[in-house]
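Data block below; observations after.
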Amino acid sequence: MDVNVTKPTFVVDRAICRRNIARMAAKARAHNLKFRPHFKTHQSAVVGEWFREAGVTAITVSSLSMARYFASAGWNDITIAFPVNLREIGDINRLASEISLNLLVENEISMNFLVKKLSAPVGIYIEADTGYHRTGVDPLKPRVIDQMLEVLRKGDNLVFRGFLSHSGQTYSARSVDDIHVRHADVLLKTRSLKNHYREEWPGLEISLGDTPACSVCNNWDSVDEIRPGNFVFYDLMQLSLGACSIDDIAVRVMCPVVSKQIMRNEVVVYGGAVHLSKEFMIGDNGKRSYGGVCLPGGSAGAGGSDHHFSGAVMGLKDRNDLIFGKILSDGTWVAGLSQEHGIIRGTFDEIRMIYPGDLLEIIPVHSCLAADLAGYYLTTEGDRIEKIRKSSD
């Protein structure tokens, strides 16, 4: 296939994705955990099939529209891991009549509403706030949980599944050891919940989902199910946490170079906030980084010049595939973003060899957001992968 990248393009290495999926599925089996991966990262029925090939039968999503999309692709066991939106009750009832659907509830008002309005059986997880402090019930306040369960008992169509939590606090960990410490604190809370309620609810499950802990931790005492999502692609944030290696990152955003400002040691790419998001990290230099910069593999320049990198080049002219290349030094990074512009600042030796017309690979800070912004993906073989299209419904 002739590959011609002319604009910011989200590129996926299929082999790396499949390897990441296989590794996480094997880890779940080794720890006797149900594997219900979160599909909000890739949002693609095609990528979903790679999970199915690895034996996955149940999935997690973050919205009702995403649940409908994957239900239409043949997935019939879906958890919406987002507090239930009561205004979507009509669509919830329709989907619940077609598939096995699980909802997330974190307050008594929503539970009361579902008792009155659900017309089809639905699994219910109570969200526990185990330290992220976004949504969820404090697991140390059983009285609130008891009140919610008392309401749940009144509903013929509510089936209590257990407690679900997202340990988002691991994303701000400072090291792998810190991930272990934060994960251990979560386990203390979920173990307490399980011990407190399992006599009355013997089948209750504990469902956890965060890529850092799922990638590096091996203690899953009291946990029944894991729901990581980002691991299928990984990204610069996960690399910095120690959750993955550079060889595990399965995505890049290919961006054409449009300007060179050698006096400032900068180049500008066509690839801004609408392609990469404005998620950033603080680098070792104390400055914001909106992405890592790589040189695509290959051997032909596209900038109208005869310059070459040793073993890497920015162009895809006369190329039939896309080969992920070498990441540049920490001294070269995406230093700023506006809507369409990406400002890359770097060392003189690296910037001086980059020209308008070349391509650079950007490793996104957060691949979930960058993938969400993309209209479609390309594989490294040049195949187009469709994904959920944004709509107003």
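Residue numbering for the sequence shown follows the working numbering, starting at 498 and increasing by one per position.
Beta carbons: idealized from backbone N, C-alpha and C, even for Gly.
Here the structure is a predicted model, which is why all the values come from computation and not from measurement.
Query: Nearest-angstrom beta carbon gap, K691 and I703 [assumed within contact, 8 Å]; Result: 6 Å
Query: Span separating the alpha-carbon of E585 from that of S774; Result: 28 Å
Query: Where S607 falls: helix, strand or coil (DSSP); Result: helix
Query: G822 (DSSP reduced to helix, strand or coil); Result: coil
Query: Separation of Y731 from R515, as counted between CA atoms; Result: 12 Å
Query: Sub-8 Å separation of C752 and S712 beta-carbons; Result: no
Query: Bridge-paired residues (DSSP) for C711; Result: BP columns for C711 are empty, so no partner.
Query: Euclidean distance between Cα positions of A809 and H528; Result: For A809, the predicted structure reports a pLDDT of 32, less than 50, and the residue's modelled location is therefore unreliable. A value from the coordinates is still provided. So the alpha carbons of these two residues sit roughly 41 Å apart.
Query: Cβ pair E763, I848 closer than 8 Å; Result: yes
Query: Proximity test, V673 beta-carbon vs the ligand NAP heavy atom, cut-off 7 Å; Result: Only the bare structure without any ligand can be found here, which leaves the ligand NAP out of the picture.
Query: Status (buried if at least 16 other CB within 10 Å, exposed otherwise) for S864; Result: buried
Query: Every unbroken alpha helix (DSSP H) within the stretch 570 to 658, with a cutoff of 4 residues, ordered by chain; Result: 586 to 593, 605 to 614, 639 to 649
Query: Contacts around S756, its chain only, beta-carbon distance under 7 Å, and the 5 residues preceding and following it disregarded; Result: V764, V765, P853
Query: Between the CA atoms of W717 and D827 - distance to the nearest angstrom; Result: 35 Å
Query: Cβ neighbour criterion (16 or more within 10 Å) applied to G795; Result: Confidence is the limiting factor: at G795 the pLDDT is only 49, short of 50, which leaves the residue's position unreliable, though a coordinate-based value still follows. When all chains shown are included, G795 counts as buried.
Query: Meets three-Cβ-pair contact criterion under 8 Å: the stretch 672 to 687 and the stretch 644 to 651; Result: no
Query: Cβ pair count under 8 Å reaching 3, the stretch 614 to 626 against the stretch 647 to 657; Result: yes
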